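> My questions all concern the structure below.
In the working numbering, the protein residues as written are 119 to 240.
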């Protein structure tokens, strides 16, 4: 997961003037750079940006999950893997390239999490 603070050009210019730093320092602070974004100045830059109304955004990896009209749950992954959970029977299936790779009867939430991890690694 990556996070960053988005500011306008005007806000960026003001931050640069207040802290007497360049664009790169502001960029490192607002993008939580692991090597250069942990300084006291970087923390104060982020604090000032938030006070000016800027927001923190998070970039996370996500897969699409759908619920159909029968109460079944489907999750589709970027690599083409799919998980299908039948609410009525409790059967969870991992399907990859049209082939069922794994099936769990009476699936629990922890089982689904394990299937998700397997699906991501295919």
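We treat Cβ as the ideally placed atom computed from N, Cα and C, and that holds for glycine.
For clarity, every value in this text was computed on a predicted model and none was experimentally measured.
1. If you drop the 5 nearest sequence neighbours on each side, which residues of the same chain put their C-beta closer than 6 Å to that of residue 182?
2. Kindly list the residues whose CB is nearer than 6 Å to the CB of residue 211, restricted to its own chain and excluding five residues on each side of it in sequence; keep chain order.
3. Please return the same chain residues whose Cβ sits closer than 7 Å to the Cβ of residue 237, not counting the five positions on each side in sequence.
4. Can you list, in chain order, the residues of its chain whose CB lies under 8 Å from that of residue 132, leaving out five sequence neighbours each side?
5. Using a 10 Å radius around the Cβ and a threshold of 16 neighbouring Cβ atoms, would you call residue 136 buried or exposed?
6. In terms of residues, what are the limits of the beta strand (DSSP E) holding residue 196?
7. Alpha carbon to alpha carbon, how far is residue 209 from residue 162?
8. So what does residue 174 bridge to, in DSSP terms?
9. Could you give the DSSP three-state label for residue 240: helix, strand or coil?
10. Have a look at the DSSP bridge pairing and note the partners of residue 220.
11. Return the Cβ separation of residue 119 and residue 176 in integer angstroms, given the expectation that the two are a contact with Cβ distance under 8 Å.
From the atom records:
1. 194
2. 202, 218, 221
3. 195, 199, 201, 212
4. 170
5. exposed
6. Segment: none, residue 196 is in no beta strand (DSSP E) and carries neither H nor E.
7. 51 Å
8. 123
9. coil
10. 212
11. 6 Å
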